[in-house]
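One structure is given below, encoded as structure tokens.
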Amino acid sequence: MALEHALLVSLTERAGSGYELARRFDKSIGYFWSATHQQIYRVLKRMEESGWLDCERVAQEGKPDKKVYSVNEAGRAELARWIAAPTDTDMPRNELGVKIRAAAHGDIGALLTEVARHRDQHAQRLEVFQLIEKRDFPVPDQLSGTPLHQYLVLRAGIRVESGFIEWCDEVLQALRPRASAPRAVSDGES
13 MALEHALLVS LTERAGSGYE LARRFDKSIG YFWSATHQQI YRVLKRMEES GWLDCERVAQ
73 EGKPDKKVYS VNEAGRAELA RWIAAPTDTD MPRNELGVKI RAAAHGDIGA LLTEVARHRD
133 QHAQRLEVFQ LIEKRDFPVP DQLSGTPLHQ YLVLRAGIRV ESGFIEWCDE VLQALRPRAS
193 APRAVSDGES
């Protein structure tokens, strides 16, 4: 997915300035796709030049004009094309998984600390997702259209975070006894 498509999604939900998009991005799509504010501004300019966005300049008192972007027909066509295109199904990269695979060659105690850190970060994100679910989607069986689509993506995030936490717990449980066991001395060591 290109940042352009994530921004098109956000702008189809509500027009906004680069600043508003960056803030919105940090609170929603940003959980699934990260971008700096500078990247967002650069891509918005490129999207406008590509003819996907309309830009309205809004005068502000004591500040430069604010550019408010909205998706036009060409942008909607690009979004529709992208939605219909096949999605990459490759396994996402997981550096922590590679480190666990190599655990026999390193400090298992340090690795356990890193796994616990990841677990805690995912638990915090899960808590945020669950709060959003409770606040924004109290009656999910009555949802339709965009709110239903947003809810389904949120549910995917909840399931991914829950699964990752369970995996971390499994790793911690399996490796803890090995981290505390005395290291065997080979015949060549004294």
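Numbered by our numbering, the letters in the sequence shown go through residues 13 to 202 in order.
Glycine residues also receive a C-beta, built at the ideal position from the N, C-alpha and C atoms.
Using a threshold of 7 Å, is the CB atom of residue i nearer than that to any non-hydrogen atom of the ligand SAH?
| i | result |
| --- | --- |
| L19 | With respect to the ligand SAH, the structure shown offers nothing to examine, as it has no ligands at all. |
In this structure, how does DSSP classify residue i when only helix, strand and coil are distinguished?
| i | result |
| --- | --- |
| D132 | helix |
| L148 | Reading off the sequence shown, one finds Asp at residue 148, where the question assumed Leu. Note: D148 maps to helix in three-state DSSP. |
| A27 | coil |
| D181 | helix |
| G169 | helix |
| L155 | coil |
| S174 | helix |
| F44 | coil |
| A14 | coil |
| A97 | coil |
| V140 | helix |
| S22 | helix |
What distance in whole Å lies between the Cβ atoms of residue j and residue i, which are believed to be in contact at a cut-off of 8 Å?
| i | j | result |
| --- | --- | --- |
| A128 | L187 | With a Cβ gap of about 11 Å, A128 and L187 do not count as contacting. |
| S46 | L65 | No, S46 and L65 are not in contact; Cβ-Cβ is about 21 Å, not under 8 Å. |
| K79 | S29 | 6 Å |
| G169 | F44 | 7 Å |
| C180 | H130 | 6 Å |
| V21 | I41 | 7 Å |
| L138 | I177 | 7 Å |
| L166 | I144 | 6 Å |
| G63 | A27 | The Cβ separation is near 16 Å, so there is no contact. |
| H161 | L91 | With 8 Å as the limit, H161 and L91 do not qualify as a contact, their Cβ atoms being about 13 Å apart. |
| A135 | L123 | That belief does not hold up - the Cβ atoms of A135 and L123 are roughly 18 Å apart, past 8 Å. |
How would you write the range of the beta strand (DSSP E) that residue i sits in, first residue to last?
| i | result |
| --- | --- |
| R69 | L65 to Q72 |
What does DSSP give as the partner residue(s) for residue i in the beta ladder?
| i | result |
| --- | --- |
| S82 | D66 |
| K75 | Q72 |
What are the boundary residues of the alpha helix (DSSP H) that residue i is part of?
| i | result |
| --- | --- |
| G30 | G30 to K39 |
| Q50 | H49 to E61 |
| G118 | Element bounds for G118: n/a, residue is neither H nor E. |
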